[in-house]
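Contents: one structure, followed by commentary.
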Amino acid sequence: MPNLSLVANLGLVLFLFLVGLEVDLRYFVSNWRLALSVGVAGMALPFGLGCAISWGLYHQFRDEEGIVPIGFGVYMLFIGIAMAITVSWDAGVLRWALLMWL
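If you read the sequence shown in UniProt numbering, its first letter stands for residue 1, the second for the next number, and so on.
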């Protein structure tokens with residue numbers, strides 16, 4: 001089974017390489033500001049919202065019994081990344097990547 005996994009991963013790398021060859025670089029270079037701003041906003045806004053929500057959640061639940069105490073930075077990072085990944089999944093970005101992997 002490890003051999004099959006290796007062949008599948010090599011096939012995926014080859015497929016992504018071929019997709020990259022079909023990218024029109026002139027179009028990409030002419031629109032790099034728009035592409036970068038959409039990409040950053042698509043991850044930074046949900047991450048920032050998750051960080052803002054984590055402040056209230058952390059202070060609401062940190063003193064409950066049976067809860068293992070963790071630092072606010074760890075909690076904020078966890079909630080922020082969870083929000084950013086969830087938004088990417090809902091937008092279809094990660095779903096497409098997962099379906100291509102399977």
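For every residue, glycine included, the Cβ atom is placed at its ideal position computed from N, Cα and C. Every value quoted in this text rests on a predicted model; they were computed, and no experiment measured them.
Assigned secondary structure, residue i (DSSP; H/G/I helix, E/B strand, else coil)
i           : result
residue 70  : coil
residue 7   : helix
residue 127 : Because residue 127 is not part of the residues shown, which for the chain are 1 to 102, the question remains open.
residue 62  : coil
residue 23  : coil
Between the CA atoms of residue j and residue i - distance to the nearest angstrom
i           : j          : result
residue 108 : residue 59 : A question about residue 108 goes unanswered here, because the residues of the chain that appear run from 1 up to 102.
residue 44  : residue 30 : 23 Å
residue 75  : residue 26 : 42 Å
residue 34  : residue 63 : 44 Å
residue 10  : residue 55 : 43 Å
residue 69  : residue 57 : 13 Å
Buried or exposed by the 16-neighbour rule on C-beta atoms within 10 Å, applied to residue i
i          : result
residue 80 : buried
Beta-carbon spacing of residue i, residue j below 9 Å
i          : j          : result
residue 67 : residue 61 : yes
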